[in-house]
Structure formats: C-alpha cells, structure tokens
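To get the working numbering, take the position in the sequence shown, counting from 1, and add 7. Using N, Cα and C, we set each Cβ at its ideal position, and we do this for glycine too.
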Amino acid sequence: MIVALTGQKGGVGKSTLAIGIAAEMLLRRHKVLLVDADPQGTVRTWGEVAAEAGQPLPSIVSMGSTMHRPEQLPTVRLGYDDVIIDCPPRHGDIQRSALMVADFALLPCGPSSADAWALAASIDLINEARALRPELEVRIVITRKQGRTALGRSAREELAKSGIDLMKIEIGYRVAFAESLGAGQGVTAYAPRDAAAAETRALVSELLLWEKKHRASEAGAQPDQVGRRR
C-alpha cells in the first residue's frame with residue numbers, strides 16, 4: 008500500500024503523522040519506505056536523529072515532482088510492504104506526482120472552520136487525480152483536535168460537508184507527538200500508553216483494514232482469506 012499524506016494547508020501535522028504511521032508499521036514488522044517529498048525536510052531530520060540515537064527506523068528517501076515516473080518510486084518501492092509519502096503544502100506539482108502513484112490519499116485537517124475552508128484547493132487536486140485514477144481512495148483525518156471544546160465537537164460535521172469520507176479515528180492535539188520527534192522515535196514506541204499512541208495505532212489499523220479489504224476485492228476473495236499477516 009502506498010499512502011500519500013497530502014493537502015495544500017500547512018500546520019496540520021502531515022509530517023508528524025507520516026512519521027508516526029511509518030514507525031508504527033515498522034513495529035508491526037512491515038518493511039516500510041518513508042518518502043520525504045517536503046523541501047522542509049522534517050522526515051529526513053527525524054531520520055538523522057533516530058540514527059544517531061540508535062533507534063530503529065524505516066528506509067527514508069527524498070523525492071519530488073517526478074516520483075511518479077516508472078524509474079523512480081514505482082521501482083524503488085519494490086521489496087517494501089508499505090510506502091508512506093510526506094507531501095509538502097502548496098507544492099501542487101509534488102502532490103500531483105504523489106497522487107499518481109498512491110493507493111490511498113490521506114488529508115490531515117485541523118478542526119477549525121478555517122481548516123475546513125482550506126480543503127477546497129486540496130480537493131481540486133484530488134479531483135484532478137481521480138479523473139485519471141478513479142481507483143484512488145481518499146479520506147480526511149481530523150488532527151490537532153481538542154475534544155472538550157465546541158470546535159472539536161463540531162469538526163466532524165463541518166468536514167463531512169466536503170463530500171470526502173472521514174477516517175473513523177481522530178488525532179488529538181498532544182505533546183507526545185512533538186516529544187517523540189525530538190527523541191527520534193515514533194509516538195507508539197516513545198509513549199506507548201499515551202492517547203497519542205493509541206490514536207496512531209488505531210489509524211494504522213484502519214489503513215491496514217482498508218488495504219486488506221481492497222486486496223480481497225481485487226482477488227475476488229473474502230476479506231478473511233487475504234492478508235492474514237495484517
């Protein structure tokens with residue numbers, strides 16, 4: 008499965024979530040490729056910190072607006088179970104390239120009305136990609152949610168108006184996410200009992216369940232006949 012974390016708006020936790028997902032998949036003994044497509048290089052920096060600290064980490068490569076070419080990601084991804092792509096905000100050419108190879112596009116979105124409004128440009132890119140690749144699965148995941156606020160409670164209803172399905176799990180605004188990056192770890196290894204870790208595990212499980220059902224559908228088999236390793 009190739010998962011692209013995409014979206015035109017910055018500050019919604021794409022890089023943090025990409026690292027958290029990849030690290031959790033690694034803990035589940037998947038062979039994971041983490042693609043840093045963001046010129047800011049958060050993923051690469053995290054990888055350097057993890058290597059210096061002797062922490063296990065997925066394979067990390069940098070790619071850009073040509074990653075969809077046959078000699079790039081379609082070739083590099085061979086031998087990996089899962090690929091996670093961290094896309095930058097605003098760089099539409101890089102996001103388009105990622106959407107040309109992804110199985111699943113994940114749109115992290117904060118809980119405010121401004122975050123919901125900013126989805127419009129992201130949805131335009133998604134619709135461009137779906138015109139060429141109707142099989143592309145797209146979901147919104149709510150991030151940085153503060154559950155006890157009226158804003159947090161209304162986020163799901165507001166985002167549903169976009170016409171794109173939402174992931175069941177929602178990701179809260181939690182200190183453990185930032186701390187885990189500084190430690191060169193994924194949040195599920197850094198703080199396994201924290202709510203941030205529970206949310207990340209649930210998100211990965213939801214992604215892998217989709218993959219299992221998708222593979223079963225492709226094979227014309229029942230879901231429990233495919234992907235038992237998951």
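Within a Cβ cutoff of 8 Å, which residues of the same chain sit near residue i, ignoring the five residues on either side of it in sequence?
{"i": "Q153", "result": "P118, G159, G179 and Y180"}
{"i": "A167", "result": "L173"}
{"i": "R137", "result": "L143 and V145"}
{"i": "R97", "result": "Q15 and G17"}
{"i": "P81", "result": "H75 and V108"}
{"i": "L139", "result": "M107"}
In this structure, does DSSP put residue i in helix, strand or coil?
{"i": "D122", "result": "helix"}
{"i": "K220", "result": "helix"}
{"i": "L24", "result": "helix"}
{"i": "R236", "result": "With a pLDDT of 43 at R236, under the threshold of 50, the modelled position of this residue cannot be trusted; read the value that follows with caution. Reduced to three states, the DSSP call for R236 is coil."}
{"i": "D172", "result": "coil"}
{"i": "G18", "result": "coil"}
{"i": "P230", "result": "Here the model assigns P230 a pLDDT of 48, short of 50, so the residue's position is not dependable, and the following value carries that caveat. The answer is helix: DSSP assigns P230 an H, G or I state."}
{"i": "G189", "result": "helix"}
Beta-carbon separation of residue i and residue j under 8 Å?
{"i": "V68", "j": "V42", "result": "yes"}
{"i": "L210", "j": "I28", "result": "yes"}
{"i": "Q15", "j": "A162", "result": "no"}
{"i": "V39", "j": "P63", "result": "no"}
{"i": "V19", "j": "C116", "result": "yes"}
{"i": "L214", "j": "I171", "result": "no"}
{"i": "A196", "j": "A30", "result": "yes"}
{"i": "E165", "j": "S120", "result": "yes"}
{"i": "M8", "j": "E218", "result": "yes"}
{"i": "P77", "j": "D45", "result": "no"}
{"i": "I149", "j": "E177", "result": "yes"}
{"i": "A183", "j": "D201", "result": "yes"}
{"i": "G86", "j": "L132", "result": "no"}
Is there a Cβ of chain C sitting closer than 8 Å to that of residue i, yes or no?
{"i": "R97", "result": "The chain labelled as chain C is not found in the depicted structure, where only one protein chain is given."}
Is the closest heavy atom of the ligand MG to the C-beta of residue i under 7 Å?
{"i": "G48", "result": "Only the bare structure without any ligand can be found here, which leaves the ligand MG out of the picture."}
Quick one: what's residue i bridged to in DSSP?
{"i": "F111", "result": "V10 and E144"}
{"i": "V68", "result": "V42"}
{"i": "D89", "result": "V39"}
{"i": "G179", "result": "K152"}
{"i": "C94", "result": "Answer is none; C94 lacks a bridge partner."}
Ordered along the chain, which non-local residues of its own chain (more than five positions away) have a Cβ less than 6 Å from that of residue i?
{"i": "A25", "result": "L12, I91 and D93"}
Within its chain, find whatever has a CB closer than 7 Å to the CB of residue i; leave out the 5 residues flanking it on each side and keep chain order.
{"i": "M32", "result": "V39, D89 and V211"}
{"i": "S22", "result": "D45, T49, V50 and D93"}
{"i": "Q47", "result": "P95"}
Do the region 66 to 79 and the region 98 to 107 touch if we need at least three Cβ pairs shorter than 8 Å? Output reads yes: the region 98 to 107 touches the region 66 to 79.
Pairing CB atoms from the region 47 to 65 with CB atoms from the region 176 to 196, are three or more of them under 8 Å? Using a Cβ-Cβ distance cut-off of 8 Å, the region 47 to 65 and the region 176 to 196 are in contact, since at least three pairs of beta carbons, one from each stretch, lie closer than that value.
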